[in-house]
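Engineer: Taken in order, these protein sequences are the chains called A and B.
Residues in the first sequence are numbered from 39 upward in steps of one, following my numbering.
Residues in the second sequence are numbered from 39 upward in steps of one, following my numbering.
2 protein chains.
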Amino acid sequence: MRIIIVEPKNPGNLGAIARLMKNFGLKDLTVVNINRIPSEDLFRSMKGSEILSKCRMVSSLQDAIKGLDYVAGTSGVKSDSPKEVLRNYLEPKEFVRLTSEIKGKIGIVLGREDIGLVNEELGMCDFFVHIPADDEYPILNVSSAAAILFYEMFGGGKKKKIETISRRENDRLIEKFRQSLIENNYPKHRVQKTTLLFRRVISRAILSPYEYRILMGAIGCSHKDIIDI
Amino acid sequence: MRIIIVEPKNPGNLGAIARLMKNFGLKDLTVVNINRIPSEDLFRSMKGSEILSKCRMVSSLQDAIKGLDYVAGTSGVKSDSPKEVLRNYLEPKEFVRLTSEIKGKIGIVLGREDIGLVNEELGMCDFFVHIPADDEYPILNVSSAAAILFYEMFGGGKKKKIETISRRENDRLIEKFRQSLIENNYPKHRVQKTTLLFRRVISRAILSPYEYRILMGAIGCSHKDIIDI
Chain A
39 MRIIIVEPKN PGNLGAIARL MKNFGLKDLT VVNINRIPSE DLFRSMKGSE ILSKCRMVSS
99 LQDAIKGLDY VAGTSGVKSD SPKEVLRNYL EPKEFVRLTS EIKGKIGIVL GREDIGLVNE
159 ELGMCDFFVH IPADDEYPIL NVSSAAAILF YEMFGGGKKK KIETISRREN DRLIEKFRQS
219 LIENNYPKHR VQKTTLLFRR VISRAILSPY EYRILMGAIG CSHKDIIDI
Chain B
39 MRIIIVEPKN PGNLGAIARL MKNFGLKDLT VVNINRIPSE DLFRSMKGSE ILSKCRMVSS
99 LQDAIKGLDY VAGTSGVKSD SPKEVLRNYL EPKEFVRLTS EIKGKIGIVL GREDIGLVNE
159 ELGMCDFFVH IPADDEYPIL NVSSAAAILF YEMFGGGKKK KIETISRREN DRLIEKFRQS
219 LIENNYPKHR VQKTTLLFRR VISRAILSPY EYRILMGAIG CSHKDIIDI
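#1: Quick one: list the residues of chain B neighbouring Ile186(A), beta-carbon separation under 8 Å, in chain order.
#2: Starting from Leu58(A), find everything on chain B with Cβ-Cβ shorter than 8 Å and list it in chain order.
#3: What does the alpha-carbon distance come out to for the pair Met254(A) and Gly63(A)?
#4: Count the other CB atoms within 10 Å of the CB of Gly53(B); is the residue buried (16 or more) or exposed (fewer)?
#5: For Leu67(B) and Asn48(B), what's the separation of their Cα atoms in angstroms?
#6: Along the chain, where does the beta strand (DSSP E) containing Phe165(A) start, and where does it finish?
#7: Leaving out the 5 sequence neighbours to the left and right, which residues in its chain are closer than 7 Å to Asp263(B) when beta-carbon positions are compared?
#8: Can you list the alpha helix (DSSP H) stretches of 4 or more residues lying completely in the segment 58-89 of chain A, in chain order?
#9: Does the Cβ-Cβ distance between Gly145(A) and Ile103(A) come in under 8 Å?
#10: Could you please tell me which residues of the segment 155-170 of chain A, in chain order, have their CB closer than 9 Å to any CB of chain B?
#11: Counting only beta-carbon separations shorter than 8 Å, does Gly149(B) have a partner in chain A?
#12: Using a threshold of 7 Å, is the CB atom of Gly145(A) nearer than that to any non-hydrogen atom of the ligand HEM?
#13: Which runs of the beta strand (DSSP E) at least 3 residues long sit entirely within the segment 169-193 of chain B? Give them in chain order.
#14: First and last residue of the alpha helix (DSSP H) that includes Met39(B)?
#15: Taking any Cβ of chain A, which residues in the segment 206-221 of chain B have a Cβ under 9 Å from it, in chain order?
#16: Are Ile85(A) and Tyr175(B) close, meaning C-beta to C-beta below 8 Å?
#17: When the cut-off is 8 Å and only beta carbons count, does Gly255(B) lie next to chain A?
#18: Under 8 Å by Cβ, that's how I've got Asn51(B) and Glu151(B) pegged, so tell me the actual separation to the nearest angstrom.
#19: What did DSSP end up calling Glu108(A) once you bin it into helix, strand or coil?
#20: Using the beta-carbon of each residue, which ones in chain C are nearer than 8 Å to Phe62(A)?
#21: I'd like the list of long-range same chain contacts for Leu155(B), defined as Cβ closer than 6 Å, with 5 residues on each side in sequence excluded.
#22: So Ile55(A) packs on Tyr189(B), CB below 8 Å; how close in whole Å?
#23: Check whether the Cβ atoms of Pro130(A) and Val167(A) sit closer than 8 Å, and answer yes or no.
#24: How big is the Cα-Cα spacing for Ile79(A) and Ser241(B)?
#25: Could you tell me the distance, in whole angstroms, from the CA atom of Ile267(A) to the CA atom of Cys163(B)?
#26: Let's test the definition: count the other Cβ atoms within 10 Å of the Cβ of Lys92(B) and tell me whether it reaches 16, buried, or not, exposed.
#27: Can a CB atom of chain B be found closer than 8 Å to the CB of Ala54(A)?
#28: Under 7 Å, CB to CB, which of the residues in the segment 63-88 of chain B have a partner in chain A?
#29: Count the other CB atoms, across all protein chains shown, that sit within 10 Å of the CB of Ser83(A); report buried if there are 16 or more and exposed otherwise.
#30: Note down, in chain order, every chain B residue with its Cβ under 9 Å from the Cβ of Gly142(A).
#31: For Pro247(A), which of Ile220(A), His227(A), Phe236(A), Glu207(A) has the nearest alpha-carbon?
#32: Since Gly50(A) meets chain B, which of its residues come closer than 8 Å, beta carbon to beta carbon?
#33: If you compare alpha carbons, which of Lys65(A), Ser97(A), Leu58(A) is closest to Arg74(A)?
#34: For Phe215(A), which residues from the same chain have a beta carbon less than 6 Å from its beta carbon, with the 5 sequence-adjacent residues on both sides left out?
#35: From Gln217(A) to Ala184(B), what does the alpha carbon distance come to, in whole angstroms?
#36: If you measure beta-carbon to beta-carbon, which residues of the segment 85-113 of chain A are closer than 9 Å to chain B?
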């Protein structure tokens with residue numbers, strides 16, 4: 039994956055994007071039409087400074103996309119009309135899904151802070167990616183757009199796996215809760231309903247094995263059940 | 039939804055976050071422990087400048103969270119150990135799913151650029167949200183983190199609805215393609231396989247009605263079929 043930035047003007051954005059590349063495991067940076075890297079950007083890039091200092095500088099988008107199999111342009115200006123072929127857009131998630139199936143090398147083009155990518159540049163792109171935002175002001179800062187795109191490409195869509203307790207453990211905890219009600223002389227006619235309420239709450243929370251063990255010790259806590267936290 | 043920023047130090051971040059709030063339809067901003075808004079931030083906030091100039095300034099997180107029903111802290115420093123209750127984290131998507139079911143007022147707390155939120159502050163939070171990133175350098179700039187969180191809260195997860203053609207139209211286009219092969223003396227023994235290949239390609243692309251009409255005119259194009267683009 040190659041990240042291409044076209045004519046960054048406001049100091050800071052280039053550095054912020056280099057930092058984001060490091061955050062999300064990207065390495066290959068090409069910058070179009072700058073002469074040198076501003077010190078403000080080197081400062082902002084933090085641990086992404088190596089990516090920034092090793093970036094390739096070229097004089098045109100045409101040069102920047104050489105060697106790529108697919109190129110994706112980005113812009114805050116989209117069109118919802120199907121006739122506007124140039125600005126018919128993919129949302130980040132669709133783009134990630136599509137490109138996950140591509141074997142070749144892909145480039146993402148981020149435009150200027152003020153006018154973004156011009157139509158001629160968008161015309162060189164195979165995909166056009168737009169980030170959905172509020173209609174009143176959908177134009178994101180270029181490094182904010184980069185944050186969202188890189189996050190999605192990194193796999194923002196996939197949930198971390200949570201280790202959870204089994205149905206049997208769930209039942210055991212609920213039974214312990216019921217027993218503790220009885221032992222504590224909770225009104226008999228309310229035991230069943232309160233236990234059901236407890237079951238609903240506990241099930242919704244989806245307990246980890248650790249949380250289960252702690253609660254097993256805490257509910258109706260006879261000392262022998264308490265474990266070290 | 040209230041956005042709370044604790045002690046922003048590097049000029050620019052506060053402005054970038056105010057702009058992002060405008061981008062994603064958020065309005066309520068509280069800043070902890072600043073005396074005045076730096077001019078650099080007002081410049082960067084662009085159309086979010088009203089949000090910034092109307093922000094509430096308070097002297098502690100305790101004051102900032104008054105009136106909220108739930109508070110979510112954010113940090114790049116997480117723990118994967120279930121025993122680290124304080125830094126056991128939710129990913130942005132899980133957080134959005136959970137809070138979408140909450141009726142009360144929610145606050146999101148963004149920490150300092152250098153040390154983030156201290157443990158005492160995280161302890162005031164009901165949720166702890168962490169953005170998954172590369173293990174080598176998972177610490178995001180605060181405005182990058184805000185970009186990703188606000189995007190997810192805005193509904194980054196929902197796909198735009200695409201108007202697509204029906205199965206009947208799909209078949210009609212494929213049949214037209216097959217006819218055009220025959221009319222153009224394409225080798226007879228390859229017609230069937232090539233048509234199947236075309237079906238696979240076209241089906242994968244999921245055509246819009248507009249694209250369908252254009253292609254119906256373009257394939258085997260007899261003039262009467264061509265429509266205005």
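Glycine residues also receive a C-beta, built at the ideal position from the N, C-alpha and C atoms.
Structural biologist: If we stick to the structure as given:
#1: In chain order: Ala185, Ile186, Tyr189, Gly194.
#2: Close to Leu58(A), with beta-carbon spacing below 8 Å, are these residues of chain B in chain order: Leu178, Asn179, Ser182.
#3: Taking the straight line joining both Cα atoms gives about 41 Å.
#4: With 16 or more Cβ atoms within 10 Å of its Cβ, Gly53(B) is classed as buried.
#5: Leu67(B) and Asn48(B): Cα-Cα distance of roughly 18 Å.
#6: In this chain, the beta strand (DSSP E) harbouring Phe165(A) covers 165-167.
#7: Its pLDDT being 49, under 50, Asp263(B) is placed unreliably by the model, and nothing is read from it.
#8: For the segment 58-89 of chain A, whole alpha helix (DSSP H) runs of length 4 or above, ordered along the chain, are 77-82.
#9: Their beta carbons are under 8 Å apart, which means Gly145(A) touches Ile103(A) by this criterion.
#10: Residues of the segment 155-170 of chain A with a C-beta atom less than 9 Å from some C-beta of chain B are Ile169, Pro170, listed in chain order.
#11: No, Gly149(B) lies away from the interface with chain A (no Cβ there is under 8 Å from its Cβ).
#12: Judged by which ligands are present, the structure shown has none, so any question about the ligand HEM falls away.
#13: If we require 3 residues or more, the segment 169-193 of chain B turns out to have no beta strand (DSSP E) run fully inside it.
#14: Per DSSP, Met39(B) belongs to no alpha helix (DSSP H) and is neither H nor E.
#15: Taking 9 Å as the upper bound on Cβ-Cβ separation, chain A lies near no residue of the segment 206-221 of chain B.
#16: The displayed chain sequence assigns Lys, not Ile, to residue 85(A). Yes.
#17: So, not an interface residue.
#18: Your pair Asn51(B) and Glu151(B) checks out as a contact, with CB atoms roughly 7 Å apart and the cut at 8 Å.
#19: Going by the sequence as given, residue 108(A) is Tyr instead of Glu. Note: Tyr108(A) maps to strand in three-state DSSP.
#20: Absent here is chain C; the protein component of the structure consists of chains A and B.
#21: The answer, listed in chain order, is Gly111, Ser113, Gly149.
#22: 16 Å between Cβ atoms; not a contact.
#23: It is a contact, given that the beta carbons lie within the stated cut-off.
#24: As written in the sequence, residue 79(A) is Asp, which differs from the Ile given in the question. So the alpha carbons of these two residues sit roughly 45 Å apart.
#25: Only weak support exists for where Ile267(A) lies, its pLDDT of 45 falling under 50; the value from the coordinates is given anyway. In this structure, the straight-line span from the alpha carbon of Ile267(A) to that of Cys163(B) is close to 20 Å.
#26: Lys92(B) counts as exposed, since fewer than 16 other beta carbons sit within 10 angstroms of its beta carbon.
#27: With 8 Å as the cut-off, Ala54(A) counts as an interface residue toward chain B.
#28: Per Cβ criterion, the list reads Gly63, Lys85.
#29: Buried: at least 16 other Cβ atoms inside 10 Å.
#30: Correct list: empty, because the minimum Cβ distance to chain B is about 17 Å.
#31: Of the residues Ile220(A), His227(A), Phe236(A), Glu207(A), the one whose Cα lies closest to the Cα of Pro247(A) is Glu207(A).
#32: Chain-order list of chain B residues neighbouring Gly50(A): Gly50, by C-beta distance under 8 Å.
#33: When each option's Cα is compared against that of Arg74(A), the closest is Ser97(A).
#34: If we look at Phe215(A) and ignore the five residues flanking it on each side, its Cβ neighbours are Phe236, Ile257.
#35: Near 46 Å, if we compare the C-alpha coordinates of Ala184(B) and Gln217(A).
#36: Along the segment 85-113 of chain A, the positions whose C-beta sits under 9 Å from a C-beta of chain B are Lys85, Gly86, read in chain order.
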